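Engineer: In this note's numbering, the protein residues as written are 13 to 381. Positions of the beta carbon are idealized from the N, C-alpha and C atoms, including for glycine. Quick caveat: nothing in here was measured; it's all calculated off a predicted structure. Structure provided below as structure tokens; questions to follow.
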């Protein structure tokens with residue numbers, strides 16, 4: 013197996029630590045075999061190097077429409093199908109079959125142009141997949157495939173199945189689907205592997221995920237950002253997590269983003285290394301290439317602060333992270349901030365009347381949110 017080498021520069025972020033002694037300690041802690049300070053060598057990647065194009069392909073796609081009126085009509089059709097999915101999410105039975113019948117009626121009456129039938133069918137499948145309606149999804153998929161609506165787009169058709177079973181954590185079904193998907197476009201196949209890695213992450217099946225990574229390498233499928241982050245979420249140790257980050261860097265992908273930092277911090281937390289997770293998120297704050305903290309990162313930062321430190325400086329730093337976050341806070345965030353304010357109040361004693369009032373105000377806000 014190729015040796016792992018961490019690139020070390022002087023910019024101060026997690027993957028090029030420079031003068032950040034905390035991150036150097038992190039590297040030593042997780043046991044990366046070799047750190048080359050002067051040579052600045054990369055990790056060796058076990059997958060082909062993939063440089064994304066200027067306009068990257070995405071899993072979602074739209075067929076060209078002839079005129080704005082046609083586009084408006086398609087939006088109306090999508091809204092009608094979304095209503096079927098919403099009813100299914102609310103517990104109504106038979107909505108998948110009803111959506112299929114609606115599409116068939118639109119085709120028979122000429123309400124859908126032949127070039128739009130596959131697009132509408134695939135959009136319907138994605139809607140039911142996002143709602144995690146396995147039974148209704150199956151009924152819809154059977155009907156649109158039997159009608160021949162998706163015959164020329166089987167890769168996207170099975171990709172919708174991968175999205176559903178990935179989100180549900182059905183590793184065996186997702187693995188069987190991987191072998192059935194026609195290879196039409198490497199971007200789509202990479203997206204299918206991302207869904208499979210998601211399924212493995214739901215079941216904490218790290219070994220299955222890395223076995224699929226080896227298959228991905230043999231088939232010459234590029235390692236894109238979505239599949240990389242999904243694989244990272246399967247890791248149970250920081251050593252393997254850093255290996256995935258190294259592969260991202262070697263493939264020219266953006267490893268200095270908040271989702272990567274947050275996932276590494278979560279790995280540290282679940283493996284009983286909460287203090288190390290806090291170090292990782294602190295490194296994210298210092299990283300000039302990591303532009304913002306999302307709600308997940310803020311919640312994790314507050315949680316790790318509460319579990320790892322009751323020092324006044326650490327609590328105040330956590331409140332500063334919350335105040336500078338660009339994401340809209342949710343009820344969990346308010347609850348964590350209230351707990352931090354309460355801890356700060358206890359740390360300061362009676363002198364911290366302001367913190368105590370803030371904690372009470374936040375608790376009331378949570379109660380009414």
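#1: Using a 10 Å radius around the Cβ and a threshold of 16 neighbouring Cβ atoms, would you call residue 281 buried or exposed?
#2: Start and end of the alpha helix (DSSP H) containing residue 216?
#3: Smallest Cα separation from residue 141: which of 96, 343 and 201?
#4: Quick check on the DSSP output: the alpha helix (DSSP H) that includes residue 320 runs from which residue to which?
#5: By the three-class DSSP mapping on this structure, what secondary structure does residue 131 have?
#6: Going by beta-carbon coordinates alone, are residue 111 and residue 136 separated by less than 8 Å?
#7: Please state the DSSP three-state secondary structure of residue 121.
#8: Taking the alpha helix (DSSP H) that residue 171 belongs to, which residues open and close that run?
#9: Within the same chain, show all residues whose beta-carbon is closer than 7 Å to that of residue 143, passing over the 5 residues directly before and after it, in chain order.
#10: Please state whether the Cβ-Cβ distance between residue 310 and residue 291 is less than 8 Å.
#11: Work out the CA separation of residue 85 and residue 252 for me, nearest whole Å.
#12: Would you identify the three-state DSSP class for residue 204, choosing helix, strand or coil?
#13: Within the chosen definition, does the segment 201–220 reach the segment 231–244 through at least 3 CB pairs nearer than 8 Å?
#14: Grab me the residues of residue 63's own chain with a C-beta within less than 7 Å of its C-beta, minus the 5 sequence neighbours each way, in chain order.
#15: Around the C-beta of residue 122, are 16 or more other C-beta atoms found within 10 angstroms, so that it is buried, or is it exposed?
#16: Give the secondary structure of residue 162 by DSSP, where H, G and I count as helix, E and B as strand, and everything else as coil.
#17: Give the secondary structure of residue 347 by DSSP, where H, G and I count as helix, E and B as strand, and everything else as coil.
#18: Tell me whether residue 303 sits in a helix, a strand or coil according to DSSP, three-state version.
#19: Relative to the C-alpha of residue 151, which residue among 92, 109 and 319 is closest?
#20: When you compare each of 133, 105, 104 and 103 to residue 117 by their alpha carbons, which one comes out closest?
#21: Can you tell me whether residue 323 is helix, strand or coil according to DSSP?
#22: Go ahead and pull the three-state DSSP assignment for residue 187.
Structural biologist: Straight from the coordinates:
#1: buried
#2: Segment: none, residue 216 is in no alpha helix (DSSP H) and carries neither H nor E.
#3: 96
#4: 307–320
#5: helix
#6: yes
#7: coil
#8: 166–180
#9: 97, 100 and 101
#10: no
#11: 49 Å
#12: helix
#13: yes
#14: Any reading at residue 63 must be qualified, since the residue scores a pLDDT of 34, below 50, and its modelled position is unreliable; the value itself is stated next. Around residue 63: 264.
#15: exposed
#16: coil
#17: helix
#18: coil
#19: 109
#20: 133
#21: coil
#22: helix
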